[in-house]
Amino acid sequence: MAAQQPVSDLARKVGALLGQQLVAPICNPKRAPTGLDAALEKCCSKRFRNVWLDAGFQAWYAWFSVDIATQTATAQLPGSELREIASSLCSIRPHHTIQTLFEHLFYKSYRHPTRRRLLKQHSYSCPEPLSKDQSLPAPPASFGPSQMALTGIMMPTCRQPPLVNSNNNSNSNSNSNSNSNSNSNSNSNSNSNDDDDSGDEKFHINSNNNHDYQFVHFRQPGDQPNNLNNPPSNFGQPPEVRSCPEPKYLTSILPYHTSASVVKTGRGASIRIVSSVSTAQGHLELDIYSAQVPYIARELFGAIIQAEHGRLYLELDSGANASFESIRLSGAEHQAAQKVLGQLYSAVCNDAHFVQESERGETMTSYITLEVNGDVKDNSHLCVIGNASSMLQIAGQLWPGDI
3 MAAQQPVSDL ARKVGALLGQ QLVAPICNPK RAPTGLDAAL EKCCSKRFRN
53 VWLDAGFQAW YAWFSVDIAT QTATAQLPGS ELREIASSLC SIRPHHTIQT
103 LFEHLFYKSY RHPTRRRLLK QHSYSCPEPL SKDQSLPAPP ASFGPSQMAL
153 TGIMMPTCRQ PPLVNSNNNS NSNSNSNSNS NSNSNSNSNS NSNDDDDSGD
203 EKFHINSNNN HDYQFVHFRQ PGDQPNNLNN PPSNFGQPPE VRSCPEPKYL
253 TSILPYHTSA SVVKTGRGAS IRIVSSVSTA QGHLELDIYS AQVPYIAREL
303 FGAIIQAEHG RLYLELDSGA NASFESIRLS GAEHQAAQKV LGQLYSAVCN
353 DAHFVQESER GETMTSYITL EVNGDVKDNS HLCVIGNASS MLQIAGQLWP
403 GDI
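My numbering puts the first residue of the sequence shown at 3, with every later residue one more than the last.
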């Protein structure tokens, strides 16, 4: 019998990131994530079987929830590793908010018959409904440790102008964050429908499509390269995930105007912070009201976005307006980031990847992105990538006394 081949480093990173989408809490489990139905229909209509749906909807949801760069990274893996990852995803018990979302999608929302019929027509399985005697843990006051980490992110190998990152792939979900999810599952708007039926595919615009991507893994000074046969002692340690701080603490890290731009849901603000000691990585995601997107986009990225007839439009140099379903802005100017993000920027600007950009003489950073949804009913998502230490520092200000 041939010896089992070791799992590749890329497969390990991708598998970890996908699995973490299932155990991280979401703020609104009774609303379908933007673009879910369009992506599901597209995957079902493919000529070849979808490896994630073959394993189960839970595996597909994890794939759908990561950003477009991670989805692209999965295409680099051989089929055997993809099937192994997909199978392992279905063995994870999701966070109770994710379980609630699955039940809402397939048994309670007004579109649930359409989704179930779609999967059945293509011989894919649906999630089982929650049994009446199945106990789900009550959500804590502030979401505590969970198994979610930013283990890697696809970034351009060469710096591009700060207009808009390009992505015209067939994938219909982009995060931040994703992740977002850039596409973030915590997209909340009190005026939105209970279920999303947009069904429109997202796309990205750019004046230059010649990008070579690499999988970047941020490290702290002194970190040793990963060794699959001899992983670090803290490898696998659950990262810290916190969501929805009290709005009154936002001004401790953000200027007043920016803190007012963050979506508020109930008694919490739509913010999620992820930090992992074992990978020395972290990121912060903020949901932004669509009415505040023109200000954030102009100040951070120099992009002119206008609202008209319920849509957001990107103004081009020619004076024409470009409509879109979703675009991702990247390349925030450092001085503008200090003005717009305040103490949040001060906490991350000394992280290694920001310092490396400064040492290369770059005046803009790739590690601050804004994913803008074209429909004014949908919130947009601002993502800042940092190290675990800076994310914990920020979390200490948003959840004083808890850290």
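Note that beta-carbon positions come from the ideal geometry of N, C-alpha and C, so glycine has one too.
Since the model is a prediction, treat every value here as computed from it, not as a measurement.
Start-to-end residues for the beta strand (DSSP E) that takes in residue i
i, result
"S332", "S328 to E335"
"D56", "Here D56 belongs to no beta strand (DSSP E); instead the alpha helix (DSSP H) covers V53 to A57."
"D289", "Q283 to I290"
"I28", "Premise fails: I28 is in no beta strand (DSSP E) and is neither H nor E."
"S325", "N323 to S325"
"Y369", "M366 to N375"
"L384", "S382 to G388"
"A309", "I307 to E310"
Environment of residue i [buried if 16+ CB atoms lie within 10 Å]
i, result
"A339", "buried"
"R95", "exposed"
"S328", "buried"
"G363", "exposed"
"G81", "exposed"
"D404", "exposed"
"T116", "exposed"
"R14", "buried"
"P142", "At P142 the pLDDT is 34, less than 50, meaning the model places this residue with poor confidence; the figure from the coordinates comes in the next sentence. It is exposed - the Cβ of P142 has fewer than 16 other Cβ atoms within 10 Å."
"F66", "buried"
"R51", "exposed"
"V53", "buried"
"R49", "exposed"
"S272", "buried"
"S47", "exposed"
"L165", "Low confidence applies to L165: its pLDDT is 36, below 50, so where it sits in the model is not reliable, and the reading given next is rough at best. Buried."
"G333", "buried"
"G312", "exposed"
"Q123", "exposed"
"G321", "exposed"
From the options, residue whose alpha carbon lies closest to that of residue i
i, options, result
"P382", "L372, N389 and S391", "The residue asked about is misnamed: residue 382 is Ser in this sequence, not Pro. Minimum Cα distance to S382 is reached at L372."
"E310", "A293, S263 and C128", "A293"
"T257", "V264, V342 and I273", "It should be pointed out that residue 257 corresponds to Pro in this sequence rather than to Thr. Answer by Cα proximity: V342."
"Q399", "E105, S332, G333 and L346", "L346"
"T99", "L38, L120 and A34", "A34"
"G319", "I306, F326, S89 and G312", "Note on identity: in this sequence residue 319 is Asp, with Gly being the wrong assignment. Closest by alpha carbon: I306."
"V378", "T36, A18, S10 and A13", "T36"
"L284", "Q358, D353, P296 and A271", "One point to set straight first is that residue 284 is Gly, not Leu, in the sequence displayed. When only C-alpha atoms are compared, the closest one is D353."
"D380", "S277, V53, Y291 and Y297", "Y291"
"I87", "Q60, H124, S127 and D69", "Q60"
"I387", "D11, A13, Y126 and A282", "A282"
"S277", "A299, V243 and A262", "V243"
"A40", "A75, S93 and Y63", "Y63"
"S93", "R119, I70 and A57", "A57"
"S391", "V374, S348, Q358 and E359", "S348"
"N389", "V350, E359 and Q358", "V350"
"Q73", "Q23, E105 and Q337", "Q23"
"A71", "N323, L12 and E317", "L12"
Element boundaries [alpha helix (DSSP H), containing residue i]
i, result
"Y347", "Q345 to V350"
"G17", "D11 to V25"
"Q358", "A354 to E361"
"Y315", "Taken as a continuous stretch (DSSP letters only), Y315 belongs to no alpha helix (DSSP H), being part of the beta strand (DSSP E) at R313 to E317."
"E105", "H98 to E105"
"Y258", "Y258 to S263"
"S93", "Element bounds for S93: n/a, residue is neither H nor E."
"T74", "I70 to T76"
"H114", "H114 to Q123"
"I255", "That residue, I255, is in no alpha helix (DSSP H); it is neither H nor E in DSSP."
"L302", "V295 to F303"
"E43", "L38 to S47"
Under 8 Å between C-beta atoms of residue i and residue j
i, j, result
"G21", "L84", "no"
"L288", "G376", "no"
"Y251", "P27", "no"
"L408", "V16", "This structure cannot speak to residue 408, because the chain is shown only from 3 to 405."
"Y112", "P131", "no"
"T365", "F356", "no"
"E248", "G268", "no"
"I396", "L302", "no"
"H97", "L107", "no"
"S245", "T253", "no"
"V374", "L331", "yes"
"E43", "L120", "yes"
"Y126", "L19", "no"
"T102", "P31", "yes"
Short CB-CB distance (under 8 Å) between residue i and chain C
i, result
"R95", "Of the chains in the structure shown, none is chain C; there is only one protein chain."
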